[in-house]
Amino acid sequence: MPLAGTTEGARRLADFTTTARPLLLDLSGDFAEAAQPWHDRADVISGKADGTSATGLLLRPDCPIAWTGTEPNDVSGLRAALHQWFGEPLNNGREQGTSQKGISPTLE
2 MPLAGTTEGA
12 RRLADFTTTA
22 RPLLLDLSGD
32 FAEAAQPWHD
42 RADVISGKAD
52 GTSATGLLLR
62 PDCPIAWTGT
72 EPNDVSGLRA
82 ALHQWFGEPL
92 NNGREQGTSQ
102 KGISPTLE
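Position 9, counted from 1, in the sequence shown is what my numbering calls 10; the numbers after and before it change by one each time, with no gaps.
1) Whose CA, out of Thr-19, Ala-33 and Pro-23, lies closest to the CA of Ala-67?
2) Return the first residue and the last residue of the beta strand (DSSP E) that Trp-39 is part of.
3) Among residues of its own chain, excluding the 5 on either side of His-84, which ones have a beta-carbon nearer than 8 angstroms to its beta-carbon?
4) With H, G and I counted as helix, E and B as strand and the rest as coil, what does DSSP make of Arg-80?
5) Taking the CB atoms as reference points, tell me whether Ala-43 and Leu-14 lie closer together than 8 angstroms.
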């Protein structure tokens with residue numbers, strides 16, 4: 002699947018799967034921010050792909066599709082798939098430097 006409009010120009014999907022890490026293809030520009038709490042475990046590529054109506058694809062490290070976005074801004078579905086496949090978000094999804102219930106944030 003060729004991807005156009007990436008920060009590295011037009012590239013093949015295979016070019017981005019050599020790291021053996023999960024890969025989110027953000028095909029609508031709606032999902033990169035939602036995946037940020039998993040940045041330590043998943044790579045994000047934003048771009049456009051011809052021949053698909055998907056708005057986003059989450060690939061496991063072995064490349065099967067773990068989630069397909071079919072609606073713009075379906076961040077709840079993406080977050081559920083990221084959690085299911087790759088565990089708790091970094092810092093429980095909170096912004097670094099914040100605390101909850103009087104617990105001090107940990108330094109990473």
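Using N, Cα and C, we set each Cβ at its ideal position, and we do this for glycine too.
Put simply:
1) Pro-23
2) From DSSP, Trp-39 is part of no beta strand (DSSP E); its letter is neither H nor E.
3) Pro-90
4) helix
5) no
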